[in-house]
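For what it's worth, our numbering labels the leading residue of the sequence shown as 1, then goes sequentially.
Where is the CB? At the ideal position from N, CA and C, for every residue including glycine.
This structure is a prediction, so every number in the text was calculated from the model and none was measured.
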Amino acid sequence: MVWRLTGAVVSIRYHSVMGMTLRPSKEQAEALRRQAAAEGRSMQAVALSAIDEYIARRAHKAKVAVALQRVVREEAGVLERLKDA
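Here it is as structure tokens:
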């Protein structure tokens, strides 16, 4: 993955197959610059971390939802008794 930061434009290339250009708003670009400076990291590193965290959070939420559905299905009788307790 190659990231090039030019002003407020972020270009991404995945294994030379898929390319993407992100154009953050002025406010987003400035917030990214401030965060990168505060952490002593590059804007690229902060943006990559944000993407990784977003994907991990969404994946975790999906796993929790599946687990909750399983528990509700498997423990329906217990949950019904607890409701009436």
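Tell me the residue span of the alpha helix (DSSP H) that contains SER49.
As a working mapping, residue 49 is identified with position 49 in the sequence shown. Here the alpha helix (DSSP H) through SER49 covers 43-74.
Through-space distance from ALA50 to THR21, alpha-carbon basis
Translated into the one-based positions of the sequence shown, residue 21 becomes position 21. Translated into the one-based positions of the sequence shown, residue 50 becomes position 50. Looking at the two C-alpha atoms, the distance is approximately 16 Å.
What is the DSSP secondary structure of GLY77, counted as helix, strand or coil?
Taking the first residue of the sequence shown as 1, we reach residue 77 at position 77. Residue state, collapsed to three classes: helix.
From MET43 to LYS83, what distance separates their C-alpha atoms?
Residue mapping note: residue 43 aligns to position 43 of the sequence shown, counting from 1. Residue mapping note: residue 83 aligns to position 83 of the sequence shown, counting from 1. Using only the alpha carbons, I get a separation of about 51 Å.
Neighbour-count burial assignment, ALA31, 16 or more Cβ in a 10 Å radius:
Numbered from 1 along the sequence shown, position 31 holds the residue referred to as residue 31. Counting Cβ neighbours within 10 Å, ALA31 comes out exposed, since fewer than 16 surround it.
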